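Worksheet: one structure, shown below.
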Amino acid sequence: MVAARAASDGAAVALAMGERHLTYGEFDRRANQLAHHLLALGAAPDRPVGILLDRSFDLVVAIVAAVRAGAPYLPLDPDHPAARTTAVLDDADAALVVTTEALAALPAAAGRTPVPLDTQAAEIAARPESWELPPALPGQLAYVFYTSGSTGRPKGVMVPHAAAHNQIRWQIDRFGLGPGDSVLLKTNVTFDDSVVEVFGALAAGARLVVAEPGGHRDPEYLRALMAAERVSYVRFVPTMLAALLEHGGDTPLPHLRVIKSAGEPLPPELAERCLAAFPGALLYNAYGPTETAVNVTAAHCSPGDPRVAIGTPVDNVRCHVLDERMNPQPAGVPGVLHVGGIQLARGYLGQSALTARQFVPDPFGDEPGGRLYRTGDLVRRRPDGTLDYLGRADRQVKIRGMRIEPGEIESALAGHPSVGQAVVAVRDDHTGGPRLVAYVLPSAAGTPAPGELRAWLTGQLPAHLVPAAFVVLDAFPQLASGKVDRSALPDPGAGTGDEGASGEAYEPPAAGLEESVAAIWARTLGVAEIGRRDGFFARGGHSLLAMRALLAVREELGLPVPLRLIFEEPTVAGFAARLAGTGTAAGPDAAAPPVEARAEGVAEVSAAEARLWFADQLAPGDPAYNMPVVCRMRGAVDVAALETALSALAARHEALRTSFPSVDGAPHRVVADDTEIPLLAVDLRGFGEERRQRELAGVLAAESTTRFDLGQGPLARAAVIRLGDEELVIALTLHHVIADGWSVRVLLDDLRAGYLAARDASTTLRDAGVVPPDGIDPAGLPARLGAGDYAARQNRRATAEVRATELAHWRERLAGTVLQQLPSDGPRESAGTSAGAAQRLTIPRELSNKIRELADSTGSTPFMALLAGYAVVLARHCAADEIVLTMPVADRGRPDLDGIVGLLLDTVALRIRVTPGQSFRALLREVRTVVLDAYEHRVLPFDQLVDALGLDGRSLTRHSISMDPLPAGPMTFTDGISLEPEPLGAEFSKADLNLLFEDGEQGLAGWFVHRTPLYGAERVRRMSDHLLTLLAAATATPDAPVTGLAMLDPAERAALTTGRPGTTGTTEPGEPVERARACPHHLVLDTIARVPDAVALVASGEIVTYGELGRRAARLARHLTARGVRPGDLVAVGLGRGVHQPVAVLAVLLAG
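This is the structure in structure tokens:
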């Protein structure tokens, strides 16, 4: 899969680390050369190749090279003690170890052959750059990972290619990973989630962002890295996820779309915080032991879930909840989880007895030799099949996502000469988090000091297996059976605790910075005091507590130091010394400047406002830029209170009091102090139903076509039209220069607040935050931010540096763009008029649900799925392989922008390629990338962008797509009163063709708004039908090539290929024209059926598609037969060269 990406797009970035990048072509070449080198040195199937490297490009290349060479890779951590690494190498019998010269001494001392990449670089570079050997067999090993063992001996889990491949494929499909994604590699490669990060990203053709060594511990660094590299997929253990939310800062992560939590239980409260912090991302809780190839179940988390499940099985995996006799447990009854299917490991390397105990025969499957892995985890199945995790059935624990067997630590402690017996248990620290505590009984050799025991374990075990505290006891509490009563073991503070953890005498911190650091650390760790030579982690600290300590240092001492410092200098003295020499280290600040109230007299105009002002200068008062909002209210409405609330809106929102007079030929903003919205009151209750509806239509048409004077204002007006005692219509008409779709939501919310205040005599408008129209001085209210404040902020953020960066980005994105034209019903010159119409696009509920499911499976949104379908339809109608659409983007990313009424949006261009052989799922992933990329680079105003790039802005904006921000369906206005926005037929259209989607309780829907001189109702209706048919085909077979997806319904296809009347809109009389057999024009008919939207004819600027050719020929053929033409007759065609000539020839042939 990696090689295929290198062959198709070798220049694409495969790995990114800081300022360095490695393309797929270069990565593939280096991996091939190293694989050949390993083969020459003896690499062989099922013989592990050790990988002893820090996180780097070389690490990823080495992993892929070992797998390519047919050998399983064995990841080793350079930070682990030498004794641990040697023991693993001996147990695995790894002959080769890929490493560096600086680390080569360790495998050499263990009797292994080191392969130092730096000193053997020339030899490796001489190896072949291509790879032609067959891939490994599914049953051969892909990797060997070592986990904690209860007997003290680590267990090497052997995972075959088939298991790893199934997991990687599931991850790619479930989370929609593709070439547009950036995946963060931060997991230590000795943990199996790194398999998905590495191979999931590379197999999907995504970009793998490699975190710096040690960076995985620093949430502030990780968040800054995720923002800078536009990371879209990330995996966290819940502990680190909590740290990211608490200490990672608030840098926006607009590209983040998938967060996978795994490794330990995900608390519901943490899930809620995560969903609230990243509303644009999907959160999944995944579960799986190393013995089952990463994850075997997953659950999509939603707000409000009282308990976070571990979900349902992944593809080709079976989960059984069994009792101790292997009997299935019914729903709701706890049992031990047993896993079967393709993802099972082969077993434990060199430990056949343990393998037999844990991998048991499958009594439920019919596959010969089938096995189940006994996880030891207690679960409970819900009635719908979802699994809940309840805890462990044995002593194994997980702390911060790392699996720990206390027996392994106890075995290591027992080897110390001063330890007679040892017990390791989990206890909560003072923050409520889990930590390991070791309880020991002294031997005859003497009483061990806690620091001495820590040093002993540090030389043998990884850091996560070294207990946070040591307690020396005279005897262990016992149960009646004589076993140790673990629940009665004392807290670490009792008995001989862990004071003086370094094993040395306590040395108080020096006055000044050391004293301040010590006080913060002691408070964070929950200890009475801490010495200057004591280590933070030696006294029970871990990464989460380290982050809390650093946060306190930043807040109390004003020194925003990076997290890595506490890992580099874990003692009070060393940390304080580095602080004294480092000074401050400010983190990244990529956020846009906040909106601030502008200075008095400053009246800036935003780029979007200026664009509409200049458009108005060309066509003064053009109603195409009106925003009519019509809402129907039902219930006992207090009309007087409603009218009062409508009038009060202008006092609250300066946009409704704003005009844009011309000063020296340029727009300027003028905000009046006391302008009121013109309010029309119409009472139609006395008319009959037919007359009432006719009058209502007339009032709404007049209101919506109001011609505003931008230089004078006001640029808004309202009407209240009473239809009955408990039914009325509100018509609010705004000029687009003062409002966008979001603004309408703000106005409706404020209208409701104002109505409640005006209706209730005990509440004033001031209490509701709304200014009454009379008797209240607006200056006495708190200052409100307005569109003018936003304009100042927007102009302030478009610095020269930002402008240069954005121009370079868009120049690359739009290079070589060829703007396509839809076949039209009128000459392009008629596009100067804004006369328009609207057609409803009704998407059936079942299709809406399928669109949502497909979008969710690719990590996209329903809007993106609709956009992908629309792009295919446009591409076919234009006979093109790429389409450029424009899309308005709201600039509401900060909370301080939520309440502003104004034009807070701009336009971005979406260049979408529809390539042959591409599946719809793949296209949807690309569309997601295009949309997110455009959203990220929306800073530069569209007009400035097209001017600087020398583009034709008018042609770029011919075809647009947007999402309606107004909720569809009725809303509760007050108790007993509903308010429902109503669709309003468009009499004008700003674009040649705009597709407006909406998402409401009834499902997805939309409107085609089009300029009638260019596109007639019949053409737009056909496009609407084509879009629905294509979306139905795409959701049914999303992995089929886009070019093979049906766009014509059966009736239209039959009409095009046989001349039979169907749904083409033809109304000519006549008998159906029967299709002859084995005639030359059959080839043309086949082409019409196959590619109806490809261009067939071009003459004198007119474009006719194959579909249109078929329709015209069928109509003329019916006309000929109606006039008496019969098979065998001669029909003369006396036409000059042009589109009519081939139409006539085909029609004659169709007539026989």
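Numbering-wise (the numbering used here), the sequence shown opens with residue 6 and increments by one.
Where a beta carbon is used, it is the ideal one built from N, C-alpha and C, also for glycine.
If you're wondering where the values come from, they're calculated on a predicted model, not measured in any experiment.
#### Entry: Whether L617 touches H741 by CB criterion (9 Å)
Taking 9 Å as the cut-off, the Cβ atoms of L617 and H741 count as close.
#### Entry: the stretch 96-107 / the stretch 116-123 touching (three or more Cβ pairs under 8 Å)
yes
### Where the alpha helix (DSSP H) through D186 begins and ends
Where D186 is concerned, there is no enclosing alpha helix (DSSP H), given that its DSSP letter is neither H nor E.
### Task
Helix, strand or coil for Y760, going by three-state DSSP, please let me know.
helix
### Query
Can V1014 and A840 be called in contact, C-beta distance under 9 Å?
no
### Task
Count the other C-beta atoms from every protein chain shown that fall within 10 angstroms of the C-beta of L1169, then say buried if there are 16 or more, exposed otherwise.
This structure gives no information on residue 1169, because the portion of the chain shown stretches from 6 to 1157.
### Query
Quick one: Cα of V513 to Cα of A792, how far?
Here residue 513 turns out to be Pro, not Val, going by the sequence shown. Between P513 and A792, the C-alpha separation is close to 59 Å.
### Query
If you run the structure through DSSP and keep just helix, strand and coil, what is E329?
coil
### Query
By DSSP, does R816 sit in helix, in strand, or in coil?
helix
### Option in V263, G355, L478 and V734 with minimal Cα separation from P986
V734
### Task
Determine the extent of the alpha helix (DSSP H) in which V951 is found, giving its start and end residues.
F947 to L954
#### Entry: Local conformation of Y1111 per DSSP, three classes
helix
### Task
Quickly, what does DSSP pair E887 with across the bridge? List them, please.
R918
### Query
Measuring CA to CA, which of V932, L961 and A876 is closest to T912?
L961
### Task
Drop a sphere of 10 angstroms on the beta-carbon of A127, count the other beta-carbons inside from all chains shown, and report buried for 16 or more, exposed for fewer.
exposed
### Task
State the DSSP-derived secondary structure class of Q356, mapped to helix, strand or coil.
coil
### Task
Within its chain, find whatever has a CB closer than 7 Å to the CB of T847; leave out the 5 residues flanking it on each side and keep chain order.
A1010
### Query
Leaving out five residues before and five after G606 in sequence, what residues of the same chain have Cβ atoms less than 6 Å from its Cβ?
A caution first: G606 carries a pLDDT of 44, below 50, which makes its placement in the model unreliable, though a value can still be read off. Cβ within range, chain order: n/a, list empty.
### Task
Just confirm the distance between the C-beta atoms of S2 and V1047, as a whole number of angstroms; I'd bet it's less than 8 Å.
A question about residue 2 goes unanswered here, because the residues of the chain that appear run from 6 up to 1157.
### Query
Does the separation of the CB atoms of A45 and G75 fall below 9 Å?
no
### Task
Please report how far the alpha carbon of D539 lies from the alpha carbon of P294, in whole angstroms.
36 Å
### Task
May I ask you to list the residues that DSSP assigns as paired with A70?
Its beta-bridge partners do not exist; DSSP assigns none.
### Message
Quick test of the definition: if touching needs 3 or more C-beta pairs under 8 Å, does the stretch 928-943 touch the stretch 678-691?
### Response
no
### Query
Measuring CB to CB, does L556 end up less than 9 Å from H252?
yes
### Task
With distances taken Cα to Cα, identify the nearest neighbour of G316 among S357, A304 and E708.
A304
### Query
In chain order, what residues of the same chain lie with their CB nearer than 8 Å to the CB of Y353, ignoring the 5 residues before and after it?
K160, G161, V162, M163, L359, T360 and Q363
### Assigned secondary structure, D688 (DSSP; H/G/I helix, E/B strand, else coil)
strand
### Query
Just curious, the alpha helix (DSSP H) that V175 is in, first and last residue?
Here residue 175 turns out to be Trp, not Val, going by the sequence shown. According to the DSSP assignment, W175 belongs to the alpha helix (DSSP H) that extends over H166 to F180.
### Query
Taking the C-alpha atoms as reference points, what is the distance between Q356 and G219?
33 Å
#### Entry: Inter-residue Cα distance where the pair is A873 and L929
6 Å
### Task
Answer yes if the stretch 363-379 comes into contact with the stretch 409-416, meaning at least three C-beta pairs across the two stretches below 8 Å, and no otherwise.
No, the stretch 409-416 is not in contact with the stretch 363-379.
### Task
Just grab the DSSP bridge partners of E732 for me.
Paired residues: R639 and G729.
### Message
Is the separation between the beta-carbon of L651 and that of V725 shorter than 9 Å?
### Response
yes
### Query
Tell me the DSSP bridge mates of Y238?
V188 and V263
### Task
Output the distance between the C-alpha atoms of D328 and A398, rounded to the nearest integer angstrom.
A398 has its alpha-carbon roughly 11 Å from the corresponding atom of D328.
### Query
Looking only at its own chain, which residues have a Cβ that is under 6 Å from the Cβ of A350, when we skip the five neighbours before and after it?
Excluding positions up to five away in sequence, the list reads V162, M163, V164 and E296.
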